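K.L.:
Our numbering puts the first residue of the sequence shown at 5, with every later residue one more than the last.
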Amino acid sequence: MDKIRITKDENGAVILRFEKREDCEKYTVYFRRENGRFKFLIATEKTAVRVNAVEGLCYFRVTGQTSGGRTVNIGTVDTSSLMKRTGFITMGSYNVQKIVERSPKFTADNTVRKISPLAAFFPEKIDNSDAQGESRTFEYIKENRSDYFIFDFYGTAVHGLVKTENSFLTGGIDGNEKHGEKLPNILPEDVYKPLVDIFAKEILKLYSADKIILVRTISPEFYAIGRQVRKSTPKNKLNAFLEDIENYFIKKVHPVIMDLSGRYFGDLSLTGDGKEAVFNRFYFADCEKALDEITS
5 MDKIRITKDE
15 NGAVILRFEK
25 REDCEKYTVY
35 FRRENGRFKF
45 LIATEKTAVR
55 VNAVEGLCYF
65 RVTGQTSGGR
75 TVNIGTVDTS
85 SLMKRTGFIT
95 MGSYNVQKIV
105 ERSPKFTADN
115 TVRKISPLAA
125 FFPEKIDNSD
135 AQGESRTFEY
145 IKENRSDYFI
155 FDFYGTAVHG
165 LVKTENSFLT
175 GGIDGNEKHG
185 EKLPNILPED
195 VYKPLVDIFA
205 KEILKLYSAD
215 KIILVRTISP
225 EFYAIGRQVR
235 KSTPKNKLNA
245 FLEDIENYFI
255 KKVHPVIMDL
265 SGRYFGDLSL
275 TGDGKEAVFN
285 RFYFADCEKA
295 LDEITS
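1) Whole angstroms are fine: how far does the CA of Glu59 sit from the CA of Glu29?
2) Give the straight-line distance between the Cα atoms of Gly40 and Thr80, rounded to the nearest whole angstrom.
3) When the Cα of Thr221 is compared with those of Arg234, Leu242, Glu105, Lys205, which residue comes out closest?
4) Using DSSP with H/G/I as helix, E/B as strand and the rest coil, what is Phe288?
5) Can you check which of these residues, Lys109, Arg106, Glu105, Gln101, is closest to Val116 by C-alpha distance?
6) Quick check: the Cα distance between Thr174 and His163, rounded to an integer number of angstroms?
7) Looking at C-beta atoms only, is the number of pairs between the region 146-157 and the region 85-99 that lie closer than 8 Å three or more?
8) Count the other CB atoms, across all protein chains shown, that sit within 10 Å of the CB of Pro121; report buried if there are 16 or more and exposed otherwise.
9) Can you give me the C-alpha to C-alpha distance between Gly72 and Asp27, rounded to a whole angstrom?
10) Give the range of the beta strand (DSSP E) segment to which Glu29 is assigned.
11) Please identify the residue among Phe142, Glu206, Thr11, Tyr158 whose C-alpha is closest to the C-alpha of Leu191.
12) Going by the CB atoms, is the gap between Arg65 and Lys42 shorter than 7 Å?
13) Specify the secondary structure class of Ile281 as computed by DSSP and reduced to three states.
14) Who does Gln69 pair with in a DSSP beta bridge?
15) Please state the DSSP three-state secondary structure of Glu185.
16) Count the other CB atoms within 10 Å of the CB of Ser212; is the residue buried (16 or more) or exposed (fewer)?
17) Within 10 angstroms of the Cβ of Glu169, are there 16 or more other Cβ atoms? Answer buried if so, exposed if not.
18) Are Thr51 and Lys24 close, meaning C-beta to C-beta below 7 Å?
19) Could you check what DSSP says for Arg140 in three-state terms: helix, strand or coil?
20) If you drop the 5 nearest sequence neighbours on each side, which residues of the same chain put their C-beta closer than 8 Å to that of Pro330?
21) For Ile202, which of helix, strand or coil comes out of DSSP?
22) Sorted by chain position, which residues of the same chain lie with C-beta nearer than 6 Å to Thr111's C-beta, five sequence neighbours on each side aside?
23) Assign Asp13 to buried or exposed, taking buried as 16 or more other Cβ atoms, counted over all protein chains shown, within 10 Å of its Cβ.
24) What whole-angstrom Cβ distance do Glu297 and Arg106 have, given they're in contact under 8 Å?
25) In chain order, what residues of the same chain lie with their CB nearer than 8 Å to the CB of Ala17, ignoring the 5 residues before and after it?
26) In this structure, how does DSSP classify Leu218 when only helix, strand and coil are distinguished?
27) So which of Phe288, Phe142, Asn284 has the shortest CA-CA distance to Arg231?
28) Below 8 Å CB to CB, which residues in the same chain sit around Leu210 once its five sequence neighbours on both sides are set aside?
Below, the structure written as structure tokens:
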């Protein structure tokens, strides 16, 4: 059972309920808004507290005071469960998933996240039940509509594609490479442009341009590990390819763009998908703010 249960009544007031502790004589409730600090709200002997209507994401902390004067922590709860959260279908690198999942305001559907955008909507698919299910991507997104579609090309640039006789599959996924030829990760224009054309055409059938979010990515030049900073192996070709493919998609679709990664270190303590770099916590904190502004 949750330490604190939170509900809302018909007047919009928040009701906090928590279990009585035999060693506590009274309880103190603290309140803070998003990005604020906890402030004293009320002291009470009751284990149910009614708080006047609050807007947006808010947090409550409850402590108990024992007869001996000791303060014990009861728990902390936020109002995210009472809010209508913004939904995202994710596609691309682990960074995209982590951006969305950071905030309690958002929900991430990561079902098709690892599938490359360049393979996701390819019209002809191989008939193998054990192959990665790119052929079902369009149907899945159509049947599980979210508020926004958010993606990057970084996972594709790192893992590449597999070319079959009449299709393309996502590289870096177990089992896919046995179905065809692994292509170079840095794809030439005559390969990636027709695939971007298909992706752009199909995703615009599902979302308007203002609901499609492209996370532009630059492979980090430096990595942090503990208190040390290490310089990365130069990724000039990778970054140039990312810039080219992103620019081509932008010309086709004119999506919403998040472009923050060039300012941040990678974090070697975090694990992505295989060789993907994962950025540090400051990057995700700023992306959360940007996503909040985009969806507000």
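Using N, Cα and C, we set each Cβ at its ideal position, and we do this for glycine too. Since the model is a prediction, treat every value here as computed from it, not as a measurement.
P.N.:
Let's see:
1) Taking the straight line joining both Cα atoms gives about 31 Å.
2) Taking the CA atoms as reference points, Gly40 sits about 15 Å from Thr80.
3) Closest by alpha carbon: Leu242.
4) Note: Phe288 maps to helix in three-state DSSP.
5) Closest option to Val116, judged by alpha-carbon separation, among Lys109, Arg106, Glu105, Gln101: Gln101.
6) If you draw a straight line from the Cα of Thr174 to the Cα of His163, it comes to about 8 Å.
7) The region 146-157 vs the region 85-99: in contact.
8) Answer is buried; the Cβ neighbour count reaches 16.
9) Cα-Cα distance, rounded: 9 Å.
10) Per DSSP, the continuous beta strand (DSSP E) segment holding Glu29 begins and ends at 28-37.
11) Closest option to Leu191, Cα to Cα, is Tyr158.
12) In the sequence as presented, Lys is not what sits at residue 42; that position holds Phe. Between Phe42 and Arg65, the CB-CB gap stays under 7 Å.
13) Residue identity check: residue 281 is Ala in the sequence provided, not Ile. Three-state DSSP puts Ala281 in coil, outside helix and strand.
14) Its beta-bridge partners are Lys30, Thr75.
15) It is a strand residue.
16) The residue in question, Ser212, is exposed, as its Cβ has fewer than 16 Cβ neighbours within 10 Å.
17) Counting of Cβ neighbours within 10 angstroms places Glu169 among the exposed residues, the total staying below 16.
18) It is a contact, given that the beta carbons lie within the stated cut-off.
19) The answer is helix: DSSP assigns Arg140 an H, G or I state.
20) Outside the displayed span of the chain (5 to 300) sits residue 330, for which this structure offers no information.
21) Assignment of Ile202 by DSSP, reduced to helix, strand and coil, places it in the helix class.
22) So the list reads Arg89, Gly91, once near-sequence residues are dropped.
23) By the C-beta density criterion, Asp13 is exposed, having fewer than 16 other C-beta atoms within 10 angstroms.
24) Beta-carbon to beta-carbon, Glu297 and Arg106 are separated by about 14 Å, too far to satisfy the 8 Å threshold.
25) Excluding sequence positions up to five before and after Ala17, its CB lies within less than 8 Å of the CB of Arg54, Val55, Asn56, Ala57, all in the same chain and listed in chain order.
26) It is a strand residue.
27) With distances taken between Cα atoms, Arg231 lies closest to Asn284.
28) Cβ neighbours of Leu210 beyond the five flanking positions: Phe142, Ile145, Lys146, Arg149, Phe153.
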